[in-house]
Amino acid sequence: MWTRTRLGWAAMPPRQRRWTIATAAMLSILFGGLLWYGLRTDWRTLYAGLDPDDARQVGLTLTQAQIPYDVVDSGTALRVPAAQLDKARLATAAKGVKSGRLGFELFDKPNWVGSEFDEQVNYQRALEGELEHTVGSLTDIESARVHLVLAHDSLFRERDRPAKASVVLKLRRRALADGEADAIRNLVASAVDGLASDHVVLVDASGHLPLGPRTSEALQLGSEQALEEKLISTLEPVTGIGNVRASVTLNYDADTIEETKESYDPAQSAALSIERTEQTTGAQPIAAGVPGTASNAPNSQALPVYPKQTTQPQTSKTESGTYGVSKTVRHLVENPGKVHRLTAAIVVNDRLIQPQSKSSAAKWQARSSDELKNLTTLAQASVGFDPSRGDIVTVQNLSFEENRALPLPSVHAQVLTKLEGSPLLLKYLSLLIGLMVVLAFGVRPAMQKAVSQMKGTPSQGIASTHQAALPQPESALPDPNRIRAHEIFEQVATQMKNEPAQSSRLLQSWIHSE
32 MWTRTRLGWA AMPPRQRRWT IATAAMLSIL FGGLLWYGLR TDWRTLYAGL DPDDARQVGL
92 TLTQAQIPYD VVDSGTALRV PAAQLDKARL ATAAKGVKSG RLGFELFDKP NWVGSEFDEQ
152 VNYQRALEGE LEHTVGSLTD IESARVHLVL AHDSLFRERD RPAKASVVLK LRRRALADGE
212 ADAIRNLVAS AVDGLASDHV VLVDASGHLP LGPRTSEALQ LGSEQALEEK LISTLEPVTG
272 IGNVRASVTL NYDADTIEET KESYDPAQSA ALSIERTEQT TGAQPIAAGV PGTASNAPNS
332 QALPVYPKQT TQPQTSKTES GTYGVSKTVR HLVENPGKVH RLTAAIVVND RLIQPQSKSS
392 AAKWQARSSD ELKNLTTLAQ ASVGFDPSRG DIVTVQNLSF EENRALPLPS VHAQVLTKLE
452 GSPLLLKYLS LLIGLMVVLA FGVRPAMQKA VSQMKGTPSQ GIASTHQAAL PQPESALPDP
512 NRIRAHEIFE QVATQMKNEP AQSSRLLQSW IHSE
């Protein structure tokens, strides 16, 4: 077989030899790639975003458990084989390995040579680590980073420094749920002595600050979404799940209004205060008689020289009053959110008469006007419809796009869906297809060509070039002596082509020697 292969290779023209070498090289590369893809290790991430010290500790634990691992992302992530992922998790959990900064585990080992400043720094680091672990345990938080500035008391009041905190959050979703940002602020503020929730700043991983107080636009959007959910939850039990779509628009005043009104009613008055003074004086005698001691002595019975006279009685009356008109004072403060108008658009799907089966498609029927009227009444009561504000609530019956009968997926689509759900099956199937391609387009044509050359006359191609050197073969299978002669001839011809001067001198020496 080796001899025939050499004869076939020698019979090939140079161009065909180059193409054969290139094809063999490409097939070797393809076959090697398929082997690498099929036999490579399936690495799975065990921990990501680790500090170098944590990564070193986890790697030491895996080494002790005899679990191979791979370090990626500049030493911040560790990967293990997929078959040993659960074992690696159990091994690291048993050793108490935590990702991120350590908490109060820093004080597990006493520091006998540390100063008071070192202890204070370690306490701050431990407190930050505990807060990071606690905040990172929330559902919507993937990871957290906490930085604290502890309070500093001074002898001078103006030099006192309040406690502050900055929290960087990597979210699992686009935004936090309602009230979750305030909950995180209160959580951090309650864990640090002297820290107020107003001094806690929340920042997302992209560097933005969407976690502060909600704006008026956000409040309006939240109110509209709440009303939409209320409409859907009210109408879905009647129409069926997925058969209602609602859109609500609120027009309300986003400003705070403070008004003080004072009004008077002149038709109504009341006495506020009344003051009366009355004086009455009777008749008084007038002094008369002879001047002197006798008339002024007490118990004097002497008759007066003149008749006795008296004064007229006197009366005096004074009255003052204060009256006030009826007054009304009204102080009104309106917070943002006063609704001026509400508009709701509700789309209801047709009624399902017959569900879809293997033999027939689903049948739908339009809803009646009485049913739409009842649905409108329910919707108006659900959102607090007020005609005086000009509210509009519209309920329309339209056919949804999902009502159309969808064609059943083809076998090809079903197979692709199953392959997408099973990556291991896809891996081995692609490996099998690659091997079949190599065998069909590489190995099989090469073997057919080699067999055809072996079955043919290998000396024919040589005889066409060197008809005088080798005779035509008598049978399909070459004789070993002829094969040996052909090999010698090839070697001599190659030597003469490569070194013609030396070959000519050799021939001349042979001629002169004879």
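Numbering (the working numbering), first residue to last: 32 to 545.
Ideal Cβ placement from N, Cα and C applies to all residues, glycine included.
Per DSSP, reduced to three states, the secondary structure at residue 355 is strand.
Where residue 92 is concerned, there is no enclosing beta strand (DSSP E), although the alpha helix (DSSP H) around it starts and stops at 83-95. Each residue's CA atom was taken as its position, placing residue 164 and residue 124 some 15 Å apart.
Fewer than three beta-carbon pairs drawn from the stretch 139-152 and the stretch 169-179 are found closer than 8 Å, and the two stretches are therefore not classed as touching. At the C-beta level, residue 378 and residue 427 come within 8 Å of one another. Annotation: the continuous alpha helix (DSSP H) that includes residue 40 extends over 33-42. Secondary structure of residue 150 (DSSP, three-state): helix. In this structure, the straight-line span from the alpha carbon of residue 528 to that of residue 35 is close to 24 Å.
In this structure, the beta-carbon distance from residue 93 to residue 113 does not fall below 8 Å. For residue 366, the number of other beta carbons within 10 angstroms of its own is below 16, and it is reported as exposed. Leaving aside the five residues that flank residue 363 on each side, the residues in its chain whose CB is nearer than 6 Å to its CB run, in chain order, 290.
Here the alpha carbon of residue 111 sits roughly 42 Å from the alpha carbon of residue 226. Residue 50 sits in a helix when the DSSP states are folded into three classes. Between residue 237 and residue 207, the alpha-carbon positions lie close to 14 Å from each other. Where residue 414 is concerned, there is no enclosing beta strand (DSSP E), although the alpha helix (DSSP H) around it starts and stops at 400-414. The Cβ neighbour count for residue 423, taken over all protein chains shown within 10 Å, is under 16; the residue is labelled exposed. Residue 517 counts as buried, since at least 16 other C-beta atoms from the protein chains shown sit within 10 angstroms of its C-beta. The stretch 43-59 and the stretch 70-77 do not touch, with fewer than 3 CB-CB distances between them shorter than 8 Å. In this structure, DSSP gives residue 395 an extended state, which the three-state scheme calls strand.
Here residue 203 carries a coil assignment [DSSP, helix/strand/coil].
Between the alpha carbons of residue 287 and residue 373 lies a gap of roughly 20 Å. Inter-segment contact for the stretch 350-364 and the stretch 299-311 is present: three or more beta-carbon pairs are separated by less than 8 Å.
Comparing alpha carbon positions, the residue from 281, 248, 271 closest to residue 259 is 281. Around residue 159, the same chain offers 177, 179 as residues with beta carbons nearer than 6 Å, after the five sequence neighbours per side are excluded.
In the three-state reduction of the DSSP assignment, residue 429 falls in the coil class, being assigned neither a helical nor a strand state. Counting of Cβ neighbours within 10 angstroms places residue 295 among the exposed residues, the total staying below 16. Residue pairing by DSSP puts residue 284 in a beta bridge opposite 369.
Residue pairing from DSSP places residue 179 in a beta bridge opposite 196. The way I'd put it, the stretch 457-469 does touch the stretch 56-63; three or more beta-carbon pairs between them come closer than 8 Å. For residue 112, the pairing in a beta bridge is given by DSSP as 74. At a Cβ-Cβ threshold of 8 Å, residue 90 and residue 109 count as neighbours. DSSP, reduced to helix, strand and coil, places residue 523 within a helical segment of the structure shown. In the three-state scheme derived from DSSP, where H, G and I count as helix and E and B as strand, residue 268 is classed as helix. In terms of CA proximity to residue 344, 310 leads the group 419, 360, 310. Residue pairing for residue 383: DSSP places it in a beta bridge opposite 395. A distance below 8 Å between beta-carbons, with the five flanking residues on each side excluded, links residue 385 to the following residues of its chain, in chain order: 391, 393, 394.
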